[in-house]
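The structure appears right after this line, and notes come after that.
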Ligand SMILES: C[S@@+](CC[C@H](N)C(=O)[O-])C[C@H]1O[C@@H](n2cnc3c(N)ncnc32)[C@H](O)[C@@H]1O
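Residue numbers (this note's numbering): 13 to 429.
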């Protein structure tokens, strides 16, 4: 049956979800993050105690957090160092007393901040582009005192995540935009106020998560996040019971660009070109091939080629990368192990890109058997639903080329024979 004809499965819609911020899920904004309820339901309905769960596009770690609170060991992989930092902090709650102690020390240091000490500060030219000097000095100071406090790396990382999440608010970044651009009218939020607010919120959530894991006796459940490529990971073959993942959407989010403030401040990269390399689904693809292992994928690429060669290459590149990820999932899964892939379709230049069907075809080519395809509508505004019809990128309704997209997505369930 064509996926479009599959009826929406109400039990996967989670219409009444009021908040996506339970446990540590709300620590940091992250584009296209999972609705935690989807992962929770998969774990509760399809996994058992002792299962090991993996997410090869772990992002900010939704799968890992849900795995931990359900007592399942988990492994995450992401190519983005910012994702690795956030996911590791979210899955490893810290003794609440230690955090308060560390925060008090930071607060004391903030009281004696002297702007003049930073007048000679030299920063990356992209930092100078995004930040006014006043905010820049305070951020440099916070970064310095966090790195210097005499606490474990976990504690430092906790405060680095807090700092990372306030960077956009404290910069000239146009907040409502899905692509990096300056807001000429913006008055950035005061850095110390934003940091205090953010750490207080996180400390409260850490306490809840820490206590619940202790109560359930799951505080020692292992959770790891590797900075690796989903196409080729260090995960042991035949070791994983369940993969739960949502791949990047084809050429819609530039994760590298969107996380550049953190990447520059924390010295993860020195240039964006370098940072973009190896991200799947990027607009900046390097391969030139136009062939694809899926029939539907090939037909789509051929149709796109007539309209726009560059987009056709990007789409071909994306599906070829996803074929490699499919092979990798097959390799790491145990016999009878299952993969749950959450994916939506899209449109470029009026050409339908049926990513869910195409990826399912690629999964079958790898050797997976299809168990079920679930269709869910997306009532909760977790991802933007407006696209520029020409470029395929997310945009806002003011754009004259805008079109509503992604009202639905699919959960493709496959298993290894
Ligand atoms: C849709 S997001 C996943 C969000 C995640 N489910 C969550 O809840 O945060 C896709 C992720 O794929 C990652 N990614 C892109 N290319 C990758 C690659 N080659 N290997 C591993 N991860 C990659 C991006 O950094 C991004 O975090």
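For every residue, glycine included, the Cβ atom is placed at its ideal position computed from N, Cα and C.
None of the values given here were measured: they were computed from a predicted structure.
For residue 163, the three-state DSSP class (helix, strand or coil): On the chain shown, residue 163 is found 151 positions in, with the first residue counted as 1. Looking at residue 163 - three-state DSSP - the assignment turns out to be coil, as it is neither helix nor strand.
With a threshold of 16 other CB atoms inside 10 Å of the CB of residue 293, please say whether the residue is buried or exposed. Taking the first residue of the chain shown as 1, we reach residue 293 at position 281. It is buried - the Cβ of residue 293 has at least 16 other Cβ atoms within 10 Å.
Restricting to Cα atoms, I'd like to know which of 182, 375 and 283 is closest to residue 150. As a first step, residue 150 is located in the chain shown; it is residue number 138 there, counting from the start. Among 182, 375 and 283, the Cα nearest to that of residue 150 is on 182.
Compute the distance between the beta-carbons of residue 180 and residue 266, then report whether it is under 9 angstroms. Within the chain shown, numbered from 1, the residue matching residue 180 stands at position 168. Within the chain shown, numbered from 1, the residue matching residue 266 stands at position 254. For residue 180 and residue 266, no; Cβs fall outside 9 angstroms.
Helix, strand or coil for residue 123? Go by DSSP, reduced to three states. Reading the chain shown from its first residue, position 111 is the one you call residue 123. Residue 123: helix per DSSP, three-state reduction.
Would you mind sorting residue 120 into buried or exposed? The rule is 16 or more other CB atoms within 10 Å of its CB. In the chain shown, the residue the question calls residue 120 occupies position 108. So residue 120 ends up on the exposed side.
In chain order, what residues of the same chain have a beta carbon less than 8 angstroms from the beta carbon of residue 136, not counting five sequence neighbours either side? Start at 1 with the first residue of the chain shown, and residue 136 comes out as number 124. So the list reads 276 and 282, once near-sequence residues are dropped.
Residue 371 and residue 423 closer than 9 angstroms at C-beta: Here residue 371 corresponds to residue number 359 of the chain shown, with the count starting at 1. Here residue 423 corresponds to residue number 411 of the chain shown, with the count starting at 1. Not in contact: residue 371 and residue 423 (Cβ atoms no closer than 9 angstroms).
Continuous beta strand (DSSP E) stretch holding residue 345: start and end: Here the question's residue 345 lines up with position 333 in the chain shown. Element bounds for residue 345: 345-355.
Applying the 10 Å Cβ sphere with the 16-neighbour rule, what's the burial state of residue 261? Taking the chain shown and counting its residues from 1, the one referred to as residue 261 is at position 249. Answer is buried; the Cβ neighbour count reaches 16.
Spell out a yes or no on whether the stretch 88-99 and the stretch 67-76 are touching, meaning 3 or more CB-CB pairs, one atom from each, closer than 8 angstroms. yes
So what does residue 83 bridge to, in DSSP terms? Within the chain shown, residue 83 is the residue found at index 71, counting from 1. In the DSSP output, where bridge partners are listed per residue, residue 83 has none listed.
For residue 427, list the residues DSSP reports as bridge partners. The count along the chain shown starts at 1 and reaches residue 427 at position 415. Looking at the DSSP assignment, residue 427 forms a beta bridge with 350 and 381.
Can we say the stretch 195-214 touches the stretch 18-30, given the rule of at least three CB pairs closer than 8 angstroms? no
Residue environment, residue 13, which counts as buried when at least 16 other CB atoms sit within 10 Å: Position 1 of the chain shown, counted from the start, is the residue given in the question as residue 13. Exposed: under 16 other Cβ atoms inside 10 Å.
If you draw a straight line from the C-alpha of residue 419 to the C-alpha of residue 389, how long is it? Residue mapping note: residue 419 aligns to position 407 of the chain shown, counting from 1. Residue mapping note: residue 389 aligns to position 377 of the chain shown, counting from 1. Cα-Cα distance, rounded: 6 angstroms.
Beta-carbon separation of residue 66 and residue 344 under 9 angstroms? Looking up residue 66 in the chain shown gives position 54. Looking up residue 344 in the chain shown gives position 332. Cβ atoms of residue 66 and residue 344: closer than 9 angstroms.
Tell me the DSSP bridge mates of residue 238? In the chain shown, counting from the first residue as 1, residue 238 sits at position 226. DSSP lists 89 as partners of residue 238.
Kindly indicate which residue of 184, 186 and 156 has the alpha-carbon position closest to the one of residue 172. The residue labelled residue 172 in the question sits at position 160 within the chain shown. It is 156.
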